[in-house]
Ligand code: TMP
């Protein structure tokens, strides 16, 4: 009997600033793909594997920040390497559709463009962690920083902001600009979506692109 190689998986990531709705949209897309009969891994960064979820806690609490932006970039890289090795790589190999809430562009935008870790170092970390594993599609959910922060504050409902949410507005604006710049540099991979729209309309825009590009 002839054996066929398993169909390759697909890799879709969501990026955006605080309160851009990417976690919600990643969840909606994962459900839609599952309803379309696809085997889906819905995951997130930092985190996604048991060890990386522990690193997430250290990063978001601000404990790593005391060592500076390069240490933070290193820790995101450690978490990403474990996530790829333990979850993403295997899932793609099995033909799953991986939907990930944040990935390498967040390191470029937050640690690189915003916290000032030089591009050469960010590139070196990418080579070590991600290698050639780029997403098939990256959705950049774009929203003015002030609007996003207001949404994030509403969602927190009185809980303290994490180390990143707590940054000043100009830094959030820089993050937004950085994502848009990446999208401009890599138009084949990245799609900018207007995240100020109602949730259902954002979800429709996302689904249209997935249908066109990946025919699930
Ligand atoms: P989240 O709020 O989307 O769950 O992400 C947690 C925070 O981590 C978010 O404020 C952005 C930050 N982050 C980085 O700074 N660099 C990274 O590489 C990743 C994945 C997240």
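Numbering (our numbering), first residue to last: 63 to 278.
Just so it is clear, CB atoms sit at the ideal spot from N, CA and C, and this is done for glycine as well.
Treat the numbers as computed from the prediction; the structure is a model and nothing was measured.
Distances from the CA of residue 265 to each of 73, 223, 82, 72 were compared; the closest alpha carbon is that of 82. Taking C-beta atoms as the reference points, residue 145 and residue 107 count as a pair closer than 8 angstroms.
A heavy atom of ligand 1 is found nearer than 7 angstroms to the CB of residue 108. Inclusion of residue 165 and residue 197 in the CB contact set at 8 angstroms is warranted, their separation being smaller than that value.
Within the chosen limit of 7 angstroms, ligand 1 reaches the beta carbon of residue 122 through at least one heavy atom. As the crow flies, the alpha-carbon of residue 210 is around 12 angstroms from that of residue 256. For secondary structure counted as the beta strand (DSSP E) over 3 or more consecutive residues, the region 228 to 274 holds these complete runs in sequence order: 252 to 256. The Cβ atoms of residue 122 and residue 138 lie no closer than 8 angstroms to each other. Taking C-beta atoms under 8 angstroms as the contact rule, residue 237 and residue 171 qualify, at a distance of about 5 angstroms. For residue 121, the secondary structure class from DSSP, reduced to helix, strand or coil, is helix. In terms of Cα proximity to residue 155, the closest of 262, 251, 240, 72 is 72. In the DSSP assignment, residue 126 falls outside any alpha helix (DSSP H) and carries neither an H nor an E. A straight-line Cα-Cα distance of about 7 angstroms links residue 84 and residue 77.
Spanning the alpha carbons of residue 232 and residue 215 requires a straight line of approximately 17 angstroms. Taking the Cα of residue 275 as reference, the smallest distance to any Cα among 253, 259, 263, 262 is reached at 253. Non-local C-beta neighbours of residue 153 in its own chain, meaning closer than 7 angstroms and more than five positions away in sequence, comprise 71, 103, 160, ordered along the chain. Of the candidates 109, 140, 157, 140 places its Cα closest to the Cα of residue 188. Taking a C-beta distance under 8 angstroms as the contact criterion, residue 169 and residue 135 qualify as a contact pair. Under DSSP, residue 104 takes part in a beta bridge, and its partners are 161.
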